[in-house]
Each structure stands twice: as structure tokens, then as C-alpha cells.
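Asker:
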Amino acid sequence: MVNMNFLNMNFFIIAFIFSLPLLPVAHANDCRIILPDKNNSSSIIFISDTQRPIWVESLWLRETNNIQATIKLFDSIASQNPAAVFHGGDLVAFGFSESAWSDFNKSRAPLMQQKIPLFSVRGNHEFLFFPDRAEQLFRREFAHQPCRWMTVLTKSIATILLDSNFSQMSKEETLQQNTWLAKELSSLDQDPAIAAIILLAHHPPFTNSTIVSASSAVERYFVPPFIASSKTRLMLSGHAHAFERFRQKEKEFLVIGGGGGLLQPLNIKNDAPFRDLSPYKTALRFFHYLQVKMDNGIFKYTLFKMDLDNQKINPEEAVSVYGTAIE
């Protein structure tokens, strides 16, 4: 005779299992996460510098509905239902503040409601004033990230998350990250399942910002292996609250710090340190995020730009990246 209690119990267990969200699967041997296929989504999204304005910054930088801009950006991102969202750091103004993280989680609520995974590198604001407490809260918010530097695989795209806060790292930690990065790039280059690699770090190796400086350490440690890799397509960073586009040795570098922090003016004069290849010529740029996807084997990125007057978000023309020949 069939035990109905046993059958009912098993039914509820199975139903519970299938009701759970698809969770990232950590790779057994290293700091990798393999994301399950989510609704056949072919895109991933990048955003950076969503920290709310600090009053002292407002003394010399103009506020432009920054908090509302971040909320609308996350709403727009969620509407695309990407496979994952990656944050370039400076998620909050003060990494040690419980209330700051609470506000951030309210802004990204649409992602949480749709169970869209969010990964992030650490920005400098995550370490302000009380770095130990800030690190504790960051690890709580991103408990699904197994390592301080790591790789997330979404179909044929590998996104490498790096820590560019070298002032918060020992020499040994810096060496460990550099050694890991070299080995990881070599492994991914040899993996036939990987078509494209993206590097994400908070501090930019190149920027014409008049507020923050380009990171010579990022240029020294991350740029050479990025250029040497056969499959790297984009190096993304934030820190400078603007959109900028640079190229070195046929490799693409984007600054995408337009997540809602106070917009920072750029040096657009002829004596600017670096040649900005973006089509935008104003000193102040705009709020934005970046969509990346493989389209019939071609790596493409599209900038989603917010109009500062009406806060409408529209995609710009997609840019195709063929191998290492960008143009």
C-alpha cells in the first residue's frame, strides 16, 4: 500500500526545490562562478558609482536629481532582464554605514525582485573612514562572491573582477592578485568555450577627469596582461563620474562612472592627458550604464544614456568589437 504521507512530503520537497532561484555555481578549483542560463538572456549590464551625493562634494559639484537617476537606471536595467549585472564600485558613499547600504538596496530592488544577480568590485568609497567595518558589510552584501578577485562566466563571456584599491592591500596581496590574473587570463585564452573577456576594476588607467586622477598602478599591473591576452575585449572602470573611451594597442578602455554620483567635469582641452575617442565633447557627461552581449558571434556593447533634462534613458548606437581589431 502506498504511503500517502511519504508521497505528500516528497511532493512538497520537490516543489520547494523548483521554487528556488537559480544560484551562481562556484567553480571547484578557483575563484570562478558559472552562472546558469537565465531565460536565454544574452546580455550582461555594467554600472558604476551609484553613491549618493555627500554634502561637501555639493559645494563644488552640482546635483542633478542624482538619487532619482540611480533608481531610474536600475529600473531600466531590470526591464532588460539581463543574465547578470556588474558594478564598478562606489556603490555607496560610506561603506561602513548600514543606512547607506539600505538605501542602495532600495535603489536596486527591481534586480532583487527579478532575481537578477549582482556582482561588484570594491571602490574607494567602500573603504572610507572605517575600512574594517566597511569590508564586513561589503562581504555581507556580496556573500555569493567567493574571492576578492574573481571571474564570472556568463555563457561565452568571462568577466574578471579586480581590486584596484592598492593602498588597502599589502605587497603580498598585490602580488597574489597579479599572479592570479596572469594565470586566469592564460587559462581563459586557452578555453574554447570562452569568446570574450572583460576586465572590471574601480580605478581607471586613463581618464581626463578634473576631480580624480588616472591610476598609474592599474596601468602598471592590469593593462599589460589585458593587452597581451588574445580574448580581452573591454577594460571597464569607474571612479571618474563620466563616460570616456580610450584605446591602446587596439584594445578598448571605457570609463563608465555614470551610475548616479555627482557628475564630474572632464578636461576637454587640447592639452588633456589622454585622447578621448567618445563622440561626446562636453565637459559634463551624463548618467548611464553599459550593455554587453554576443550577437551572432560578434562582441558588442551599447551605451544606455540618460537625458539630464527629462531623465529618459535611450540606447546609443551599438559598438562592435571584432577580435582585437577595434575599428
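All residue numbers for the sequence shown refer to the working numbering, where the first residue is 7 and numbers rise by one. Even for Gly, the Cβ is constructed at its ideal location relative to N, Cα and C. Predicted, not measured: the structure shown is a model, and the values here were computed from it.
May I ask you to report which of helix, strand or coil DSSP gives residue 119?
Answerer: Helix at residue 119.
Asker: Would you say residue 295 faces chain D, with C-beta separation under 9 Å as the test?
Answerer: Judged by its chain identifiers, the structure shown contains no chain D, having just a single protein chain.
Asker: Which runs of the alpha helix (DSSP H) spanning at least 4 residues fall entirely within the region 132–184, listed in chain order?
Answerer: DSSP runs (the alpha helix (DSSP H)) wholly in the region 132–184: 137–147.
Asker: Can you name the start and end residues of the beta strand (DSSP E) that residue 321 belongs to?
Answerer: Element bounds for residue 321: 319–321.
Asker: What are the start and end residues of the beta strand (DSSP E) that includes residue 225?
Answerer: Run containing residue 225: none in the beta strand (DSSP E); it sits in the alpha helix (DSSP H), 222–227.
Asker: Can you list, in chain order, the residues of its chain whose CB lies under 8 Å from that of residue 131, leaving out five sequence neighbours each side?
Answerer: Contacts found: 57, 95, 96, 97, 98, 99, 100 and 101.
Asker: Across which residues does DSSP place residue 251 in a beta bridge pair?
Answerer: Answer is 260, bridged to residue 251.
Asker: Looking at the structure shown, is residue 124 part of a helix, part of a strand, or coil, going by DSSP?
Answerer: If DSSP states are grouped into helix, strand and coil, residue 124 belongs with the strands.
Asker: Between which two residues does the alpha helix (DSSP H) harbouring residue 196 extend?
Answerer: Looking at the DSSP string, residue 196 is not in any alpha helix (DSSP H), and its letter there is neither H nor E.
Asker: Contact defined as beta carbons within less than 8 Å: I believe residue 117 pairs with residue 84. What is the distance between those atoms, to the nearest angstrom?
Answerer: With a Cβ gap of about 6 Å, residue 117 and residue 84 count as contacting.
Asker: Tell me the DSSP secondary structure of residue 6 in three-state form.
Answerer: Here the chain has residues from 7 to 333 only, and residue 6 is not among them.
Asker: Looking at residue 206: is its Cβ nearer than 9 Å to the Cβ of residue 165?
Answerer: Yes, Cβ-Cβ distance for residue 206 and residue 165 is below 9 Å.
Asker: Rounded to whole angstroms, how far is the Cβ of residue 49 from the Cβ of residue 299, which I believe are closer than 8 Å?
Answerer: Right, the Cβ-Cβ distance comes to about 4 Å (below 8 Å), so this counts as a contact.
Asker: Looking at residue 294 and residue 244, is the spacing between their C-beta atoms short of 9 Å?
Answerer: For residue 244 and residue 294, no; Cβs fall outside 9 Å.
Asker: Bridge partners for residue 240 per DSSP, in chain order?
Answerer: The partner list for residue 240 (beta bridge, DSSP) reads 204 and 258.
Asker: Within its chain, find whatever has a CB closer than 7 Å to the CB of residue 109; leave out the 5 residues flanking it on each side and keep chain order.
Answerer: Answer for residue 109: 58, listed in chain order.
Asker: If you draw a straight line from the C-alpha of residue 171 to the C-alpha of residue 129, how long is it?
Answerer: Computed Cα separation, rounded: 7 Å.
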